[in-house]
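Residue numbers (our numbering), protein chains in the order written: chain A, 45 to 673; chain B, 23 to 379.
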Amino acid sequence: MSTDVGNGASPEGTEVRKLDRVVIRFAGDSGDGMQLTGDRFTSEAAAFGNDLATLPNFPAEIRAPQGTLPGVSSFQLHFADYDILTPGDRPDVLVAMNPAALKANIADLPKGGTLIVNTDEFTKRNLTKVGYDEDPLENDSLAAFNVHKVAMATLTKGALEATGLSKKDAERAKNMFALGLLSWMYHRPTEGTERFLREKFARQPDIAEANVLAFRAGWNYGETTESFAVTYQVAPAKLATGTYRQITGNTALAYGIVAAGQQSGLPVVLGTYPITPASDVLHELAKHKNFGITTLQAEDEIAGIGAALGASFGGALGVTSTSGPGVALKSETIGLAVMTELPLIVLAIQRGGPSTGLPTKTEQADLLQAMFGRNGESPVAIIAPMSPADCFDAALEAARIALTYRTPVILLSDGAIANGSEPWLIPDVDALPDLSVEFASEPNAPDGSGEFWPYLRDPETLARPWAVPGTPGLQHRIGGLEKADGTGNISYDPDNHDKMVRLRQAKIDGITVPDVVVDDPSGKARVLVVGWGSSFGPIGAACRRVRRLGMTVAHAHLRHLNPFPDNLGEVLASYDRVVVPEMNLGQLALLLRAKYLVDAVSYTKVAGLPFKAEELQNVLIDFVQGVAQ
Amino acid sequence: MTTIDLGLPSLGGLDGVPTTEDKQTAKDYKSDQEVRWCPGCGDYAVLAAVQSFLPQLGLKRENITFVSGIGCSSRFPYYMNTYGMHSIHGRAPAIATGLAVSRPDLSVWVVTGDGDALSIGGNHLIHTLRRNVNLKILLFNNRIYGLTKGQYSPTSEEGKVTKSTPMGSLDHPFNPVSLALGAEATFVGRALDSDRKGLTEVLQAAAEHRGSALVEIYQNCPIFNDGAFEVLKEPGEREQRIIPLRHGQPIRFGPAGEHGVVRNPATGMLEVAEVATVGEQALVVHDTTLDDPSYSFALSRLGGQDLTHTVTGVFRSVSRPTYDDLAREQVHLAQQSRRADLRSLLRGKDTWTVAGD
Ligand code: SF4
């Protein structure tokens with residue numbers, strides 16, 4: 045655990061230690077309810093006012109074989125009394141609900157770490173299933189840790205005896221026992237969880253009561269047994285003032301789309317097809333039809349984006365949500381949107397690839413797909429949110445670009461921030477950007493013919509007019525064939541094609557995006573780390589660590605990937621070394637090298653998990669020391 | 023069997039689309055673009071039929087939209103002075119669905135071909151039909167790939183010799199009407215490119231139908247599959263082969279109405295019989311409104327690939343709530359029951375406040 049910041053003793057004699065931050069990992073079988081347990085602890089931490097970041101990690105199978113290593117599901121939560129950037133590299137506390145969870149996670153627990161084990165699952169059969177020859181709780185293999193053996197299932201069943209619930213049902217509440225115990229250890233508020241359980245199981249009041257009882261039993265177990273001599277306090281964080289809530293990336297994306305509909309005054313049509321890890325965007329938006337949102341679960345990925353584009357043609361804000369394999373299927377329609385120059389938002393939540401890859405794991409390997417994954421010269425705008433909460437702003441920004449420039453925009457989130465959560469300073473609705481658009485209403489032919497030219501561009505944005513069906517006098521036809529500049533009629537003219545290819549590119553290149561901000565408190569750094577998207581947290585945390593060691597390093601994080609910010613070339617040129625960590629094999633580095641002729645060095649890892657701050661810290665130290673020599 | 027009344031007000035296919043008192047003619051629907059189909063192509067006749075039938079609907083022209091995929095027939099929207107989108111191969115029904123869902127004030131037409139609708143876009147077609155989106159789908163069936171210069175299509179007869187199948191095609195073809203009925207399309211019709219009157223009647227009925235209307239149009243491609251439907255056009259032959267359907271009337275055909283369709287009491291199947299033999303009473307009286315699609319499906323099976331018989335007219339026209347109406351209804355209900363309050367949505371239930379120092 046992190047350094048103690050002050051100690052004391054509670055009136056009962058249990059020592060209370062103050063900490064500035066803690067990382068807890070709940071691990072169990074995928075049927076054990078670890079995601080729910082983690083979620084609840086997160087809400088408690090949020091309600092208490094800690095800064096926090098979470099990392100859910102679960103198998104792609106809905107119910108992988110019970111008690112096996114592939115079936116292990118975990119949820120890591122980092123909470124602190126200051127602003128933190130990542131879910132933490134390694135847990136300080138590991139809660140292992142079965143031998144598989146212990147085996148899969150123990151390597152991450154540092155020496156001296158706290159291990160809380162549910163002993164009931166440590167049967168001969170379960171041990172053998174995961175390859176333990178001996179019971180690790182009985183030999184000295186865990187001597188380096190501070191181990192607490194708790195018969196959680198037995199204790200839970202005991203606590204629920206009077207409820208008349210079957211043993212099986214009673215045992216299922218053991219995750220709430222674990223939550224109760226941890227809530228006691230960390231002085232967490234409990235009302236929220238009890239309220240939540242009663243709401244969640246409102247239709248099965250006996251199950252609700254059982255969960256509440258199990259939760260309290262866990263709390264009381266900590267309080268009354270003497271096996272836990274110390275409890276811990278992590279004070280609320282001193283974040284920027286304002287009202288906060290906890291939010292996941294996918295929820296924030298959905299809210300951003302709702303807000304985009306409100307701010308533009310347009311109906312929103314989400315045409316989509318379920319795919320991990322993007323489906324929650326559909327689930328969330330489907331709840332908010334009262335905002336004029338239509339969600340259409342189509343027959344496939346192609347139909348989903350087709351419906352979105354059709355709606356855009358009709359004057360709605362067309363949105364589709366998907367992940368890598370779905371982007372591949374949608375690419376032809378994205379090309380059509382490029383050609384027809386209609387607004388379209390593609391929410392692409394990246395996961396491990398290629399092909400089906402690692403559906404529930406994270407990766408950033410679809411940047412080049414977003415950039416180039418279509419036939420012909422087919423530029424689109426690309427934006428990547430940097431954290432769960434940033435997904436909200438990124439969605440609004442995607443809508444701004446799509447509507448202003450009449451172009452598809454690909455928003456590249458990824459599994460880590462889609463499911464991960466953090467506190468969100470709830471934005472002031474009055475301060476949200478105005479996204480209102482003007483549809484064409486009059487013929488515009490410059491030759492005074494009184495005709496309507498659908499491809500006559502705005503000189504500033506190069507956007508074409510958006511004339512929606514139903515507008516008298518502006519009847520026109522658009523489509524995938526090359527258009528004559530201005531009139532939009534089919535044209536096979538060589539010079540026209542050359543011109544149109546360049547115009548479409550110039551339109552995207554000319555999108556106004558904010559300058560990239562460099563974080564270099566010393567102002568003296570010679571090494572610049574450039575990242576994009578969800579690696580903001582780990583890179584930022586690594587830079588802080590490097591600086592704490594007395595070294596200097598600068599961090600620039602790109603939200604806009606196409607076009608790049610105007611000042612990027614200048615920024616890159618002002619450092620001796622440019623390092624680009626990515627969860628792919630160097631896709632951004634390739635673009636930077638090609639565009640800016642900068643000798644950017646890649647640091648890559650494609651393990652399905654976010655970077656660890658410690659790992660990046662070591663990489664950066666090498667570079668910093670390298671330039672110093 | 024009767025149609026199920028779902029208690030929704032019965033709407034016409036064009037309800038919600040603004041009308042005009044202005045007199046329209048076919049000319050109003052001609053765009054300024056030069057029509058570029060091959061001389062003699064059946065598409066010309068269909069284009070002319072559509073352009074001359076639309077004025078009868080009395081709709082505002084700007085509220086009509088044609089969406090097409092890829093193929094010869096999919097150039098259609100360019101020639102219509104309405105709104106239009108020439109999209110990508112097979113995807114027109116999907117694109118049109120998004121448009122129809124968000125715009126109840128539009129009359130949305132899909133123009134597609136046998137390759138576009140049944141090969142690359144087969145999935146979208148069947149799902150559009152089962153959802154019953156208020157779209158009118160004109161499927162130009164020439165039983166060949168024209169735009170790519172003459173490969174066999176999913177409606178080509180077995181053994182079709184083309185550039186891609188020099189030893190004959192191996193696939194069993196689709197019967198588009200059977201396929202649509204299998205997907206429980208609420209409206210299915212068939213007409214011939216050369217039969218202006220019959221085509222116009224089916225188009226009219228399709229336009230008035232609320233829901234997906236699939237109209238298969240047999241269309242001649244004189245370049246790559248000339249005469250595919252010739253036997254249905256030759257005087258003397260056609261009367262023996264075409265079985266025209268009229269709702270409420272006995273199904274009968276032949277130069278003197280000597281043939282008819284009867285139900286075989288032993289098998290329950292529909293079959294062709296001589297009226298003189300079975301008697302007029304035995305003839306099946308056509309009913310487009312039967313909820314169970316198996317009757318109209320059986321009708322669609324009377325005609326085979328060899329065109330010995332070809333059933334034309336409206337096979338089925340039943341009322342079922344449309345996807346787009348229901349989708350809008352859900353939005354409407356949600357809007358009535360909950361105010362769209364962005365501020366409270368963003369706040370959610372659990373918040374905490376960090377106060378200033
Ligand atoms: S190839 Fe056939 S279908 Fe295509 S335009 Fe020519 S005649 Fe018509």
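Every residue gets a Cβ at the ideal spot worked out from N, C-alpha and C, and that includes glycine.
Test: residue i CB closer than 9 angstroms to a CB of chain B
i	result
Pro471/A	yes
Ser535/A	no
Ile319/A	no
Pro376/A	The residue asked about is misnamed: residue 376/A is Glu in this sequence, not Pro. So yes, Glu376/A belongs to the interface.
Ile426/A	no
Asp324/A	no
Glu441/A	no
Asp64/A	no
Ile454/A	no
Leu518/A	yes
Amino acids of chain A, ordered along the chain, whose beta-carbon sits closer than 9 angstroms to that of residue i
i	result
Val333/B	Neighbours of Val333/B on chain A: none; closest Cβ ~29 angstroms, over 9 angstroms.
Three-state class that DSSP yields for residue i in the structure shown
i	result
Phe667/A	helix
Phe240/A	helix
Gly348/A	helix
Asp346/B	helix
Val132/B	strand
Phe436/A	helix
Phe92/A	helix
Ser535/A	coil
Glu541/A	Going by the sequence as given, residue 541/A is His instead of Glu. Note: His541/A maps to helix in three-state DSSP.
Pro452/A	strand
Asn628/A	coil
Met291/B	coil
Asn242/B	coil
Tyr51/B	helix
Span separating the alpha-carbon of residue i from that of residue j
i	j	result
Glu59/A	Leu226/A	15 angstroms
Leu312/B	Gln78/B	28 angstroms
Glu56/B	Asp217/B	24 angstroms
Ala550/A	Asn606/A	12 angstroms
Thr373/B	Phe189/A	36 angstroms
Ser493/A	Pro487/A	9 angstroms
Phe275/B	Ala295/B	10 angstroms
Ala352/A	Pro387/A	10 angstroms
Gly156/A	Val623/A	34 angstroms
Gln394/A	Asp458/A	4 angstroms
Cys587/A	Ala144/A	35 angstroms
Leu33/B	Thr344/B	10 angstroms
His520/A	Gly106/B	6 angstroms
Arg263/B	Gly168/B	26 angstroms
Pro131/A	Ile389/A	29 angstroms
Chain A within 9 angstroms of residue i, Cβ atoms only
i	result
Gln357/B	yes
Gln46/B	no
Glu84/B	yes
Gly290/B	no
Ala377/B	yes
Leu225/B	no
Gly29/B	At Gly29/B, the pLDDT of 48 sits below 50, so the modelled position is not reliable; the number obtained from the coordinates is stated separately. So, not an interface residue.
Val133/B	no
8 angstroms Cβ cut-off: residues of chain A touching residue i
i	result
Asp372/B	Ser87, Ala90, Ala91, Gly236, Arg289 and Gln290
Asn156/B	Under the 8 angstroms cutoff, chain A gives no residues; its nearest Cβ is about 13 angstroms from Asn156/B.
Tyr100/B	Arg521, Gly523 and Ile534
Ala349/B	Thr338 and Leu340
Proximal residues of chain A, C-beta to C-beta of residue i below 7 angstroms
i	result
Gly106/B	Arg521
Ile110/B	Glu376, Thr377, Leu380 and Gly524
Chain B residues whose Cβ lies nearer than 9 angstroms to that of residue i
i	result
Val302/A	Ala362, Leu364, Leu367 and Leu368
Chain-ordered chain B contacts of residue i [CB-CB under 7 angstroms]
i	result
Asp344/A	Asn145
Tyr230/A	Within chain B, no residue comes near Tyr230/A; the closest Cβ sits about 16 angstroms away, beyond 7 angstroms.
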